[in-house]
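Participant: Numbering-wise, our numbering comes out as the position in the sequence shown, counting from 1, plus 2. In this text, a Cβ means the ideal position worked out from N, Cα and C, and glycines have one as well. This one's a predicted model, so the numbers in the text were calculated from it and none came from an experiment. Have a look at this one before I ask anything.
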Amino acid sequence: MTRNPRFDVLFEPVRLGPVTAPNRFYQVPHASGMTNALPHVRAGFRETKAEGGWGVVCTGAVSIHPSSDDSPLPFGILWDDKDIRAHALMTDAVHRHGSLAGIELWHGGACSLNRTSRIAPLSPSGMPWLSTHVGFQGNLRPRAMDRSDIRDLLRWQADGARRARSAGFDIVYVYAGMGYLPYEFLLPEYNRRTDEYGGSIENRARLVKEMLEVTRDAVGGKCAVALRISLEELRAKPGKHAPSEAHEIVALLSDLPDLWDVKMDSSPTDCAPSRFSGEGSHEPIIDFVKTVTKKPVVGVGRFTSQDVMVSQIRRGVLDLSGGARPSIADPFLPKKIDEWREHEIRECIGCNVCISSWHDGVPVRCTQNPTAGEEWRRGWHPERFAPAASEAAVLIVGGGPSGLECAVTLARRGYRVTIADSSGEFGGRLRFETRLPGLAAWGRVVDWRLGQLRGRSNVNLYPNSELKVGDILGLEHPHVVVATGARWTKMLYSTIEFPTEEFDAARVYTPDDIAAGILPEGPVAVFDFDNYYLGGAVAQQLAQRVAQVSYITTAGHASAWTLMTNELPLIHRALVAAGVRIHTLERVAGFDGTELALADVFSGTERRMPCRSLVVVGVRAPHDELYRYLKGLGPELARAGIETVARIGDAFAPGAIVHAVHSGHRFAREFETNPAEAPYTRDYPV
Ligand code: ADP
Ligand code: SF4
C-alpha cells in the first residue's frame, strides 16, 4: 500500500550542500557501543536502519586523535589510514540501500579522560570538566591548549575528514556539543582564554569556525559538512545584539555548515527519559535556529509520532526529522510510514536502556527491539524470520513482556500460538509498573505486542486463564513455554553483599503487595537494594498517598543504577519534590514494627528511626513452580502429547524488561532449529 498523503512531506529529498538526502528521516549520530573492534556488528546495525528507510544514517562519535580517548566507554576511531576500511564496511552497507552515511568526527577535550592513551586531556584553559558521578571522572586533569595545540587540532580534524571521505562518508561532522572540546570553547565560564579564542562571542566561536573551514577544504566538495552543536546553555545567556548567545552563534556561523544538527547539552536533557519528558522536548531550545540560518536543520526529540514530525517541518522548526532512539526501537519506522503501516511502528518507550549499554561498554540493547545489536552477531533481522519448521502448536503460559514477545515472534514465523494469562489484562509486571509516576509510556511494550497478536489467525489469546498443570496436560499443545515471571522476596541485605533469608514480619511488604493494592501504614520506609527504577518509583508513588515516606539504599544514590539510563539526577529531584527523605549507604538491620534499625554499610554504625511499614525492593525469585512441576512429570508429559517444556524471561532468570523481551525473542527465533547452528558470530577488526 502507498502511504497516507498527509506524510508525503517526510519523503521529500533535502539538499545538503553537495549531497542530497533521499527523505527527511535522519538517523543522527548516536552511541552504539560498537568500536572499531566490532566493524561487522556496527555495519549490520547501521545497515538495518538504511534498509528500513532512514535517508541518512550516521556513526556515533569517532575520535580523530588518541588525545580523545573515552575508554572504557566505547567509541569509534579514525586515527590513521588503517582505520578507513573498518568504516568503509558501514558506508558500503548504508549505500546499498540508497541512504547517505554521516560520520561524527569527535574530540572530547577535557571530557575524554584518556585512560588508555594517558595523554593529558586538552581544554581551552586547563579547567577540569567534572561530571557529577565520579565514575565518569578521571584524576588526570586537563592542560590548557596553546596556539600550536589548536593548529594540531585543526590538522587532526582535517585528516579525519579526508579519511572519512576515503571511507565513503557523504556527511562529515564538526561536533561542538555535550561538553566536548569545540563546545568547551563556546562557554565563557569555561573558556577563560585572553587570546583570539576567548572573550567575545566571535572569539569563542573562532575554533568552531576554523574547524568547519578545514573540514570543508579537506572533503574537497565531495561531502556535506555538518555542525552538531548544543544550544541549551547558550540559549540561557542573553546576547548583546540578539535574544541569546545561541542566536548570536548561529548567526555568526550561519551559512558555513551545509547542515545544522542542533541539540541539548547534557545527557539527561538531550536523551531525556520518558519518565520525565515527553516527545519533542528539545523544541523550546532549538526552535529559533531556522529563523537565523538558511541552511537545513536537523534535531531530535524521541519522535515516534509522524504527526509531530510533520508539524515541526510545516511550522519551520526542522527540515529533517532526527531520530536516535526511535531508529533503534524500530529501524523500519520510515518504511512503515511509507507503506501506510504506521500502526505497526514499535515505538521507543524512552527507558534509555540503549544508553546504558554505552555506559556499560557493550553493544546497544533495546527494550523494545531485541534484534538491536544482534543483526550481524546472531543474524536477527527485525522484520524477517525463518519460517516455522513444523505445524506444531505452542502454548505460552504468562503474558508479560517475555511471553508476549515470544508469542509475536513465533506467530511471525508461522507457528500456531496460544498465550494465556491468569490476569484479565496482559502485560505482566507492566500492569503495575506503568501506573507508577512517569512510567505510562513503558506500556508500549505491551501495546505493540498485543497489537501484533490481535487479528492474527494463528494466535489465540486467553486472558483470565490461570493454567494449572492439569489444564496444560489437557490442552494438546506439544510445546509449552512457561513465562510466569518472578516474585519480589522479603530478603534483606547482608553485610557481605548478598541477600539474607526472608524477613517475614508484620507490615513488611514487597512491590508485589503494593501492586496488589496494599496501602502501607505510615511512616513507611522503602528499602531499595535492587537499585534500578522500581524502588524510587514506588517511594514516589507512596508519597502521594502516605505521610512520611523514607527511601533507604545501600548505594550512594537513590535508584543508583539509573546513572546508566540518565534518570538518576531526575529521580533524585522527583523524590525530593515528592517529600521523600533519601538515606544512602545504609542497610536495614532490623524492624520491630515501630522502629527501623539502620546500619551504615561501611562502618556498621547503627541508628534507629520511627517506622510502621517496611517495603523491601531487593531480590526477585523466579515464579517457576509450574515449570518445575511439569518437568518433574517425566513420561506422563509424553502421554499427554507434550514434547517440550521450556521457560523464558523472569521465570528463567529475573532481570529488567529488556532481558525478558530478549529471552522470549531468542527462544522463538531458535525454536525447532538446531542449537549448534544458532549463530553467535565473533567479530574481528579489519
Ligand atoms: P516476564 O517479565 O518474564 O514476562 P512477568 O512477571 O512480567 O514476567 O509476567 C508473567 C505473567 O505470567 C503475569 O502476567 C502473570 O499473571 C502470568 N502468570 C503467572 N502464572 C500463571 C499461570 N499459572 N497461568 C497463567 N498466567 C500466569
Ligand atoms: Fe527506546 Fe528504550 Fe529502546 Fe532506547 S532501549 S531505543 S529508550 S525503547
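1. Please report how far the alpha carbon of Y175 lies from the alpha carbon of P480, in whole angstroms.
2. Candidates L214, A238 and I231: which alpha carbon is nearest P259's?
3. Does the pairing of the stretch 624-635 with the stretch 537-549 give three or more beta-carbon distances under 8 Å?
4. What is the residue span of the beta strand (DSSP E) that D602 lies within?
5. Return helix, strand or coil for F13, following the three-state DSSP convention.
6. Identify every run of the beta strand (DSSP E) within the stretch 170-227, keeping only runs that are complete inside it and at least 3 residues long; order them along the chain.
7. In its own chain, which residues sit with a C-beta less than 6 Å from the C-beta of D652, not counting the 5 before and 5 after it?
8. So F9 and Q308 are supposed to be a Cβ contact under 8 Å. How far apart are they, rounded?
9. Find the nearest neighbour of L412 within the set G402, G381, R153 and A395, judged by alpha-carbon distance.
10. Should S425 be listed as close to the ligand ADP, given that the test is whether its C-beta is under 6 Å from any heavy atom?
11. Counting C-beta neighbours from all protein chains within 10 Å, is the total for P144 16 or more, i.e. buried, or is it exposed?
12. How far does the alpha helix (DSSP H) with S65 in it extend, from its first residue to its last?
13. Using C-beta distances below 6 Å, list every residue in its chain close to E435, excluding the 5 sequence neighbours before and after it, in chain order.
14. Go ahead and pull the three-state DSSP assignment for D340.
15. With C-beta atoms as the reference, is H99 less than 7 Å away from A52?
16. Would the stretch 78-86 and the stretch 110-127 be scored as touching if the rule is three or more Cβ pairs under 8 Å?
17. Locate the beta strand (DSSP E) running through Y495, then write down its first and last residues.
18. Nearest to A23 by CA position, among C368, G282 and C225, is which residue?
19. Does the beta-carbon of S404 have 16 or more other beta-carbons within 10 angstroms, so that it is buried, or is it exposed?
20. May I ask which residues mark the beginning and end of the beta strand (DSSP E) holding D263?
21. Report the residue from M92, G19 and F305 whose alpha carbon sits nearest the alpha carbon of Y28.
22. Following a CB-centred definition, is V355 positioned closer than 6 Å to any heavy atom of the ligand SF4?
23. Is the distance from the Cβ of L233 to the Cβ of A244 below 7 Å?
24. Return the chain-ordered list of same chain residues with a C-beta closer than 7 Å to the C-beta of R451, the five sequence neighbours on each side being excluded.
25. On the DSSP letters alone, give me the boundaries of the alpha helix (DSSP H) that D473 sits inside.
26. Taking only the alpha-carbon atoms, compute the straight-line gap between L335 and V366 and give it to the nearest angstrom.
27. Considering only C-alpha positions, which residue in the set S276, K492, T675 and G62 is nearest to T502?
28. Scan the stretch 72-112 and note each continuous alpha helix (DSSP H) run of 4 residues or more that stays entirely inside, going in chain order.
29. Could you tell me the boundaries of the beta strand (DSSP E) in which G324 lies?
30. Using DSSP with H/G/I as helix, E/B as strand and the rest coil, what is H383?
31. According to DSSP, S552 sits in a beta bridge with which residue or residues?
32. Quick one: using the 10 Å Cβ neighbour count with 16 as the cut-off for buried, is K242 buried or exposed?
33. Are the Cβ atoms of V528 and V617 separated by less than 7 Å?
34. For Q670, which option in P389, E106 and I173 has the closest C-alpha, if you only look at C-alpha atoms?
35. In angstroms with no decimal places, state the Cα-to-Cα distance between S114 and D148.
36. Sort out for me which residues DSSP pairs A623 with in a bridge.
Facilitator: Reading off the structure:
1. Their backbone Cα atoms lie some 55 Å apart in a straight line.
2. Closest option to P259, judged by alpha-carbon separation, among L214, A238 and I231: L214.
3. No, because fewer than three Cβ pairs between the stretch 624-635 and the stretch 537-549 fall closer than 8 Å, the two stretches do not touch.
4. E597 to D602 is the span of the beta strand (DSSP E), which, as asked, contains D602.
5. Note: F13 maps to helix in three-state DSSP.
6. Those beta strand (DSSP E) runs which fall completely within the stretch 170-227 and span 3+ residues are 173-178.
7. Contacts found: G487, A488 and A662.
8. Contact annotation, F9 with Q308: C-beta distance approximately 5 Å; criterion of less than 8 Å satisfied.
9. Relative to the Cα of L412, the nearest Cα in the group G402, G381, R153 and A395 belongs to A395.
10. Result yes, Cβ under 6 Å from the ligand ADP.
11. P144 is buried by the Cβ-count criterion.
12. Here S65 belongs to no alpha helix (DSSP H); instead the beta strand (DSSP E) covers V58 to S65.
13. Closer than 6 Å at Cβ, skipping near neighbours: L441.
14. The three-state secondary structure of D340, taken from DSSP, is helix.
15. The Cβ atoms of H99 and A52 sit closer than 7 Å to each other.
16. Of all C-beta pairs linking the stretch 78-86 to the stretch 110-127, fewer than three are shorter than 8 Å, placing the two stretches out of contact.
17. Taken as a continuous stretch (DSSP letters only), the beta strand (DSSP E) holding Y495 covers M493 to Y495.
18. Distances from the CA of A23 to each of C368, G282 and C225 were compared; the closest alpha carbon is that of C225.
19. Here S404 is buried: its Cβ has 16 or more other Cβ atoms, across all protein chains shown, within 10 Å.
20. For D263, the enclosing beta strand (DSSP E) has its first and last residue at L261 to K265.
21. The option with the nearest alpha carbon to Y28 is F305.
22. Checking the Cβ of V355 against the ligand SF4 gives yes.
23. Here L233 is not near A244, since their CB atoms are 7 Å or more apart.
24. Around R451: L406, E407 and V410.
25. Run containing D473: V471 to G476, per the alpha helix (DSSP H) assignment.
26. L335 and V366 have their C-alpha atoms spaced approximately 18 Å apart.
27. Closest by alpha carbon: K492.
28. Entirely contained in the stretch 72-112, the alpha helix (DSSP H) runs reaching 4 residues are, in chain order, 86-97.
29. Annotation: the continuous beta strand (DSSP E) that includes G324 extends over L322 to G325.
30. Correct three-state label for H383: coil.
31. Under the DSSP definition of a beta bridge, S552 partners with A527 and R583.
32. With fewer than 16 Cβ atoms within 10 Å of its Cβ, K242 is classed as exposed.
33. Between V528 and V617, the C-beta spacing is below 7 Å.
34. This sequence places Ala at residue 670; Gln is not what is there. Among P389, E106 and I173, the Cα nearest to that of A670 is on P389.
35. Computed Cα separation, rounded: 18 Å.
36. In the DSSP secondary-structure assignment, A623 is bridged to R489.
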